[in-house]
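In full-length UniProt numbering, the protein residues as written are 1 to 137. From the three backbone atoms N, C-alpha and C, an ideal C-beta is built for every residue, glycine too. Report on one structure; see the data block that follows.
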Amino acid sequence: MSPDADLPAFVDEHRTVVAAPPDRVWVSLRRYADRLAGGHASRLTRVLGTHPPGGFAVVEEEPGSRLVLAGRHRFSRYRLVFEVRPAGPDLTVLAAQTWADFPGPAGAAYRLLVISSRAHVVAVRRMLRAVRDAAVS
């Protein structure tokens with residue numbers, strides 16, 4: 001992703017190695033992303049004021065290799081970039097990059113709550129694990 005004034009700032013990247021070929025990982029990722037993007041507003045997303053209501057929308061896709069989800073709410077605007085890369089025979093690296101801005105004092109407090117507390121790390125690793133587990137089952 002190239003630096004651009006319209007894109008949020010880079011936060012972090014997490015990876016997992018999946019014991020499955022890239023095409024199976026892609027199918028698993030796409031299904032997971034469809035569930036995220038098709039989600040309905042929950043109590044939390046209503047409080048945050050997410051757009052879209054479920055929190056994420058697919059905004060870019062390079063089938064088989066890259067999928068970008070994005071959203072925003074009262075305290076942040078964010079992108080979650082998944083990349084699927086071959087790593088050997090029947091091995092794939094699944095990476096997730098987070099890009100986000102947290103404007104104003106309320107955004108800074110939200111960043112402290114979510115990013116600095118490592119809750120974000122737990123959530124992203126859970127996402128990667130779910131995609132990985134579905135691809136190998």
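Check, Outcome
"Supposed close pair A70, F56 - CB separation, criterion 8 Å", "7 Å"
"Presumed contact (8 Å Cβ cut-off) between R132 and L94, rounded CB distance", "6 Å"
"Pair within 9 Å by beta-carbon distance, G64 and A37", "no"
"Simplified DSSP state of T45, which is helix, strand or coil", "helix"
"Alpha-carbon to alpha-carbon, R30 and L91", "18 Å"
"Residues near E13 in its chain [Cβ-Cβ closer than 8 Å; skip 5 each side]", "A95, A96, Q97 and T98"
"Spatial neighbours of residue 142 in its chain, beta-carbon cut-off 8 Å, leaving aside the 5 residues before and after", "This structure leaves residue 142 out entirely; the chain is present only between 1 and 137."
"Test item: CB-CB of S76 and Y110 under 9 Å", "yes"
"Residues that V84 bridges to, as DSSP identifies them", "L94"
"For R111, three-class secondary structure by DSSP", "helix"
"From H40, F102 and M127, residue whose alpha carbon lies closest to that of R15", "M127"
"Span of the beta strand (DSSP E), counted from its first residue to its last, around A9", "A9 to V18"
"Nearest-angstrom Cα separation, counted from R118 out to M1", "Note that M1 scores a pLDDT of 41, beneath 50, so its modelled location is shaky and nothing firm can be said."
"6 Å Cβ shell around V114 - same chain, five flanking residues per side excluded", "H120"
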